[in-house]
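One structure is given here, and the rest of the page talks about it.
Protein chains: 2
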Amino acid sequence: MPVLRRRTVLASALAVPAAQAGWTSQPAQASPVPLAGQQAPSFFRYRVGALQVTAVHDGMAYRSLDGFVPNAPPGAVQQALADAFLTADRFPITFTTLVINTGRKLVLIDTGNGDLGAPTAGTWMANFRAAGFTPDQVDTVVFSHFHADHINGFRLKDGTAVFPNAEIMVPEAEWAFWTSASEAARAPAGLKPNFDNVARVFGPVKDHVTPYAWDKEILPGITAIKAEGHTPGHTCFAIVSDNARLLVLSDITNQPLIFARHPEWSAVFDQDAAAARATRRRMLDLAATERMQVAFYHASFPATGHIEREGDGYRLAPALWNSQA
Amino acid sequence: MPVLRRRTVLASALAVPAAQAGWTSQPAQASPVPLAGQQAPSFFRYRVGALQVTAVHDGMAYRSLDGFVPNAPPGAVQQALADAFLTADRFPITFTTLVINTGRKLVLIDTGNGDLGAPTAGTWMANFRAAGFTPDQVDTVVFSHFHADHINGFRLKDGTAVFPNAEIMVPEAEWAFWTSASEAARAPAGLKPNFDNVARVFGPVKDHVTPYAWDKEILPGITAIKAEGHTPGHTCFAIVSDNARLLVLSDITNQPLIFARHPEWSAVFDQDAAAARATRRRMLDLAATERMQVAFYHASFPATGHIEREGDGYRLAPALWNSQA
Chain A
1072 MPVLRRRTVL
1082 ASALAVPAAQ
1092 AGWTSQPAQA
1102 SPVPLAGQQA
1112 PSFFRYRVGA
1122 LQVTAVHDGM
1132 AYRSLDGFVP
1142 NAPPGAVQQA
1152 LADAFLTADR
1162 FPITFTTLVI
1172 NTGRKLVLID
1182 TGNGDLGAPT
1192 AGTWMANFRA
1202 AGFTPDQVDT
1212 VVFSHFHADH
1222 INGFRLKDGT
1232 AVFPNAEIMV
1242 PEAEWAFWTS
1252 ASEAARAPAG
1262 LKPNFDNVAR
1272 VFGPVKDHVT
1282 PYAWDKEILP
1292 GITAIKAEGH
1302 TPGHTCFAIV
1312 SDNARLLVLS
1322 DITNQPLIFA
1332 RHPEWSAVFD
1342 QDAAAARATR
1352 RRMLDLAATE
1362 RMQVAFYHAS
1372 FPATGHIERE
1382 GDGYRLAPAL
1392 WNSQA
Chain B
1072 MPVLRRRTVL
1082 ASALAVPAAQ
1092 AGWTSQPAQA
1102 SPVPLAGQQA
1112 PSFFRYRVGA
1122 LQVTAVHDGM
1132 AYRSLDGFVP
1142 NAPPGAVQQA
1152 LADAFLTADR
1162 FPITFTTLVI
1172 NTGRKLVLID
1182 TGNGDLGAPT
1192 AGTWMANFRA
1202 AGFTPDQVDT
1212 VVFSHFHADH
1222 INGFRLKDGT
1232 AVFPNAEIMV
1242 PEAEWAFWTS
1252 ASEAARAPAG
1262 LKPNFDNVAR
1272 VFGPVKDHVT
1282 PYAWDKEILP
1292 GITAIKAEGH
1302 TPGHTCFAIV
1312 SDNARLLVLS
1322 DITNQPLIFA
1332 RHPEWSAVFD
1342 QDAAAARATR
1352 RRMLDLAATE
1362 RMQVAFYHAS
1372 FPATGHIERE
1382 GDGYRLAPAL
1392 WNSQA
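See below:
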């Protein structure tokens, strides 16, 4: 096709006779389209039987590697980050909560960073609203544990309660620990701010929370699973509907790209590192054996998939993005 | 906390004194929130140096396994689907195009299914508009090859040209093949509909397309790479800006969860299976060796990440979802 080869790029673009081609008569783009400043609204819907889950992203925070994995050999964390094709000089912690529409109740598991997180976090409310929800629609907030990135979305810096109509469900053991004056008195300095933050968030509603026990169905289709170590009351959840199951793994790992691959490693946030390690192994092994769909709080959005074994560890195989809700 | 343990879920929810708790006086949710009918707008932005890429999803199509992988042993495809935690009774083909904003031009690589795809596909225009773009803003459409799921978005069923201001760039070898009367005359029956569809899509603009050659920079920062086999003119692209690189792998695999893991397998769409296999190996090996970010047309949305070696094959490690644009 010499005639075509001779055409220059520009000549071809300008030469289109609109009428002949069936094109519109709009003028050619006069000025460049500016680069967009916004990522997509970051929510993702999937079904668990008759239930509809909406993963709602709360952005990310970058953490210094310094001391982040106290029991990893020098250089090993950088190598693990590089192996996962992540920037090797800082640790990216992502946040994704779950909204579960049971058809009767709108249940939220964990609430994100609210307005107290890193500048790169705190996108939760925008994503939640983009998903079509409003905070007053939430019937129940279930907390997995009381770290700031899970509870601060419940109460803003200025004291505002974000979910005005929500019942509040908290793990019994978590509530007992973080509201205990004697535990606070004997806690190491590093834990003191979390006692204060728990008081800030839950103090105004302290007589109105519903503690839940482990290994019981705490709401229709939602069973709390003992998963202590990360915190004393850290909880996972089994979501069951019809023959479908979702295992909500909460913080049994921080970023699974690193800590599922290296389940022997502890993140600095693991309060009882040995117990957390045992829980991590037990839950990852359960997920791999049962081939259950899982969700992590700190996996890359949309933070759901399946667990496969790999070497001495595990890997999260992300779920296929489904364009149907 | 016996007092808390005694509270029932319902009693707790109803007992909250709004004033004391600082909650609003909005009434409790009276009726259940209906299940949502919409998935999130499915676009995803990422940077390649100074360029901004927006992956735009076009949904998926399900394909019967019958004859889909002609050279796979019986049962092996079902096993590979199960290994990837996919439903083993049908093959999910997902579609994701790329919009590249160079800062001066808005370039679209491939156009999706338009209004001629499966009922579960065809979400492209909604996602493209959700990303803030309009069709008249597209300065250049670059085609990787001429299969229907890549070109039908360029011209609707009723003949409408979708991108009124766009220059049209096509692979020289692809154009030569699919517009050749002698190739059409000797083609096997299975290929005939594609000749007809190419005539339908490009006929009205046949004198106004710009064929491009391989191994040349066809637009600033975008180099076409010879990758024949899937079709005679099938093309990959290297997108380079500053020190960043993106390797656009087009259809060197169908779903990489299956065909990167099993690069020796051919999808039924591979016109020259042996050449496609050689191209697949060469490009996946290049991506793994160079640790370049890659994009696939048929990977799970957002269809970008890095290639790692695994066993005799490869695996796509999906990119971290970044909440910044």
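Residue numbers (our numbering), protein chains in the order written: chain A, 1072 to 1396; chain B, 1072 to 1396.
Each residue gets a CB set at the ideal place from its N, CA and C atoms; glycine is no exception.
Using a Cβ cut-off of 8 Å, pull out every chain A residue sitting near residue i, in sequence order please.
| i | result |
| --- | --- |
| B/T1191 | S1394, Q1395 |
| B/Q1110 | F1115, R1116, N1393, S1394, Q1395, A1396 |
| B/A1388 | A1155, F1156 |
| B/H1377 | F1156 |
Between the C-alpha atoms of residue i and residue j, what's the straight-line distance to the nearest angstrom?
| i | j | result |
| --- | --- | --- |
| B/G1292 | A/P1264 | 50 Å |
| A/M1354 | A/E1381 | 15 Å |
| A/F1330 | A/F1162 | 12 Å |
| A/T1350 | A/G1300 | 7 Å |
| A/F1217 | A/V1339 | 16 Å |
| A/N1314 | A/L1391 | 19 Å |
| A/G1384 | A/A1284 | 30 Å |
| A/L1317 | A/A1244 | 23 Å |
| A/I1222 | B/L1152 | 38 Å |
| A/T1250 | A/H1305 | 15 Å |
| B/A1092 | A/T1191 | Only weak support is given to the placement of B/A1092: the predicted model assigns it a pLDDT of 32, under 50, and the value that follows is read from those uncertain coordinates. Each residue's Cα considered, the two are about 30 Å apart. |
| A/S1211 | A/A1189 | It is Thr, not Ser, that sits at residue 1211 of chain A in the sequence shown. About 26 Å. |
| B/V1213 | B/V1269 | 15 Å |
| A/F1398 | B/G1130 | There is no way to answer for residue 1398 of chain A, as the model of chain A reaches only from 1072 to 1396. |
| B/I1239 | B/H1279 | 8 Å |
| B/G1230 | B/A1237 | 16 Å |
| B/T1165 | B/A1132 | 6 Å |
| A/A1174 | B/V1104 | First, the amino acid is wrong: residue 1174 of chain A is Gly here, not Ala. So the alpha carbons of these two residues sit roughly 7 Å apart. |
| A/V1241 | A/F1248 | 12 Å |
| B/T1281 | B/A1309 | 19 Å |
| B/V1178 | A/A1126 | 31 Å |
| B/W1094 | A/P1235 | Because the pLDDT of B/W1094 is 31, which lies under 50, any placement of that residue in the model is unreliable, and the question is left without a value. |
| A/V1209 | A/R1271 | 21 Å |
| A/L1227 | B/D1286 | 55 Å |
| A/T1375 | B/V1170 | 26 Å |
| B/D1207 | B/V1319 | 24 Å |
| B/S1156 | A/K1176 | What sits at residue 1156 of chain B in the sequence shown is Phe, not Ser. The straight-line gap from Cα to Cα measures roughly 29 Å. |
| B/S1312 | B/T1294 | 11 Å |
| B/S1096 | A/F1199 | Per-residue confidence for B/S1096 stands at a pLDDT of 36, beneath the threshold of 50, marking its modelled position as unreliable; the derived number appears in the next sentence. Those two C-alpha atoms are separated by around 22 Å. |
| B/C1307 | A/G1274 | 59 Å |
| A/R1348 | A/A1298 | 10 Å |
| A/T1205 | A/M1196 | 9 Å |
| A/P1098 | B/A1260 | With a pLDDT of only 44 at A/P1098, under the threshold of 50, the placement of this residue in the model should not be trusted; the figure read from the coordinates follows. Going from the Cα of A/P1098 to the Cα of B/A1260 covers about 42 Å. |
Have a look at the DSSP bridge pairing and note the partners of residue i.
| i | result |
| --- | --- |
| B/Q1150 | Partner(s): none; B/Q1150 has no beta bridge. |
| A/S1251 | Partner(s): none; A/S1251 has no beta bridge. |
| B/R1161 | BP columns for B/R1161 are empty, so no partner. |
| B/N1431 | The structure shown does not extend to residue 1431 of chain B, since chain B is modelled only from 1072 through 1396, so no value can be given for it. |
| A/V1104 | Paired residue(s): none; A/V1104 is not in a bridge. |
| B/S1312 | B/A1315 |
Under the assumption that residue i contacts residue j (Cβ atoms under 8 Å), give the Cβ distance between them as a whole number of angstroms.
| i | j | result |
| --- | --- | --- |
| B/G1203 | A/A1107 | 6 Å |
| B/Q1110 | A/R1134 | So it is not a contact: roughly 31 Å between Cβ atoms. |
| B/L1387 | B/F1372 | Incorrect: roughly 12 Å between the Cβ atoms, too far for contact. |
| A/N1172 | A/L1122 | 7 Å |
| A/A1370 | A/P1327 | 5 Å |
| A/V1140 | A/S1337 | 7 Å |
| B/L1187 | B/A1147 | B/L1187 to B/A1147, Cβ: 32 Å. No contact. |
| B/S1394 | A/H1128 | 6 Å |
| B/D1160 | B/T1168 | Not confirmed; about 28 Å, so no contact. |
| B/A1201 | B/F1114 | 6 Å |
Taking residue i as the query, report the chain A residues whose CB atoms sit under 9 Å from its CB, ordered along the chain.
| i | result |
| --- | --- |
| B/M1131 | L1391, W1392, N1393, S1394, Q1395 |
| B/P1103 | N1172, T1173, G1174, R1175, K1176, L1177, D1210 |
| B/A1358 | Ordered by position in chain A, no residue passes the 9 Å Cβ test against B/A1358, which lies about 11 Å from the chain. |
Going along chain A in order, which residues have a C-beta closer than 7 Å to the C-beta of residue i?
| i | result |
| --- | --- |
| B/P1163 | L1391 |
| B/F1372 | W1392 |
| B/G1203 | A1107 |
| B/T1194 | S1394 |
Which residues in chain B sit within 9 Å of residue i, going by Cβ to Cβ distance?
| i | result |
| --- | --- |
| A/H1128 | W1392, S1394 |
Using a cut-off of 7 Å between C-beta atoms, extract the partners of residue i located in chain B.
| i | result |
| --- | --- |
| A/Q1057 | Residue numbering for chain A in the displayed model covers 1072 to 1396; residue 1057 of chain A lies beyond these limits and cannot be assessed. |
- List in chain order: all unbroken beta strand (DSSP E) runs of 3+ residues lying wholly within the segment 1223-1280 of chain B. 1238-1242
- Run through the segment 1316-1389 of chain B for me and flag every whole alpha helix (DSSP H) of 4 or more residues, listed as ranges in chain order. 1327-1330, 1344-1361
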